[in-house]
Amino acid sequence: MHATTTLPQRRLAGDLAIWFFILAELLAFGVFFAAYAFARARHAAEFDVAQQALNRDAGALNTLLLLSASALVVRAVQGAQAGQGRRAAPWLLGAIVCGLGFVGVKLGEYAGAFAAGVSLSSSVFHMFYLSLTFFHFMHVLLGLVILAVLWAGLLAGRYGPGNLNGLESGAAYWHMVDLVWLILFPLVYVIH
Numbered sequence: 008m009h010a011t012t013t014l015p016q017r018r019l020a021g022d023l024a025i026w027f028f029i030l031a032e033l034l035a036f037g038v039f040f041a042a043y044a045f046a047r048a049r050h051a052a053e054f055d056v057a058q059q060a061l062n063r064d065a066g067a068l069n070t071l072l073l074l075s076a077s078a079l080v081v082r083a084v085q086g087a088q089a090g091q092g093r094r095a096a097p098w099l100l101g102a103i104v105c106g107l108g109f110v111g112v113k114l115g116e117y118a119g120a121f122a123a124g125v126s127l128s129s130s131v132f133h134m135f136y137l138s139l140t141f142f143h144f145m146h147v148l149l150g151l152v153i154l155a156v157l158w159a160g161l162l163a164g165r166y167g168p169g170n171l172n173g174l175e176s177g178a179a180y181w182h183m184v185d186l187v188w189l190i191l192f193p194l195v196y197v198i199h
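Basically the working numbering = 1-based index in the sequence shown + 7.
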């Protein structure tokens, strides 16, 4: 008689629809990034000069904030998976605080840029910088709304081992926002 080994069944975390949405969003950002790379190749000197005026420290801080938020989202999902949904809520609240920190830093960057006279028509670089970062910024805001709804759901005991779909879908969206920033930050702030 042979012993049979049962492998754990693999499943896609979250709803299939969120993954189609995430892929569409990544495609949109990918087109934006390709256009940026093409424009940068044609206007390298202009891009280099304009990039020097960006606050890399603010960009690095925002990277740290988004990475921290994603780690906290992972902890919240793990808590819900373990049947500790209400006890996992503070992890999600921490992610929201980090996301709000990102918003505050980015608004400070925008305020400084606008005070210096930067606009979409200032240069090709500034058009891309403002468009790309604002498009991402809007995704962060949507992500924060999603996290707030999920946090309320954790507090209400809605998520647990048998009901993770909504939580995992929201977490997947947040991680997409983080992933995009991990490409956007070096592309716009660092690479010359």
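A virtual CB, placed ideally from N, CA and C, is assigned to each residue, including glycine.
Same chain only: Cβ atoms within 7 Å of residue i, ignoring 5 sequence neighbours per side
{"i": "H199", "result": "D55 and Q58"}
{"i": "K147", "result": "Here residue 147 turns out to be Val, not Lys, going by the sequence shown. Answer for V147: G106, F109, V110 and V184, listed in chain order."}
{"i": "I103", "result": "L151, L154, A155 and W158"}
For residue i, the residue or residues it bridges with in DSSP
{"i": "G167", "result": "N170"}
Where residue i falls, given that 16 or more other Cβ within 10 Å makes a residue buried
{"i": "L73", "result": "buried"}
{"i": "G21", "result": "buried"}
{"i": "N69", "result": "buried"}
{"i": "L114", "result": "exposed"}
{"i": "R47", "result": "buried"}
{"i": "M145", "result": "exposed"}
{"i": "G150", "result": "buried"}
{"i": "S128", "result": "exposed"}
{"i": "A44", "result": "exposed"}
Supposed contact pair residue j and residue i - C-beta distance, whole angstroms, cut 8 Å
{"i": "A67", "j": "A83", "result": "Going by Cβ atoms, the distance from A67 to A83 rounds to 25 Å, so no, they are not a contact pair."}
{"i": "R49", "j": "V197", "result": "No, R49 and V197 are not in contact; Cβ-Cβ is about 20 Å, not under 8 Å."}
{"i": "L100", "j": "W158", "result": "6 Å"}
Cβ-based neighbour list, residue i, same chain, cut-off 6 Å, excluding 5 preceding and 5 following
{"i": "Y166", "result": "A87, G92, G160 and L174"}
{"i": "L34", "result": "none"}
{"i": "L61", "result": "Y196"}
{"i": "A178", "result": "V80 and V84"}
Interface flag, residue i vs chain B, CB-CB below 8 Å
{"i": "L74", "result": "Structure shown: chain B not included; a single protein chain is present."}
Checklist entry - What runs of the alpha helix (DSSP H), each 4 residues or longer, lie entirely inside the stretch 37-87? => result At a cut-off of 4 residues, the continuous stretches assigned as alpha helix (DSSP H) that sit fully inside the stretch 37-87 are 51-59.
Item to check | Minimum length 4: unbroken alpha helix (DSSP H) runs contained in the stretch 109-172 | outcome: Fully enclosed alpha helix (DSSP H) runs of 4 or longer: 131-162.
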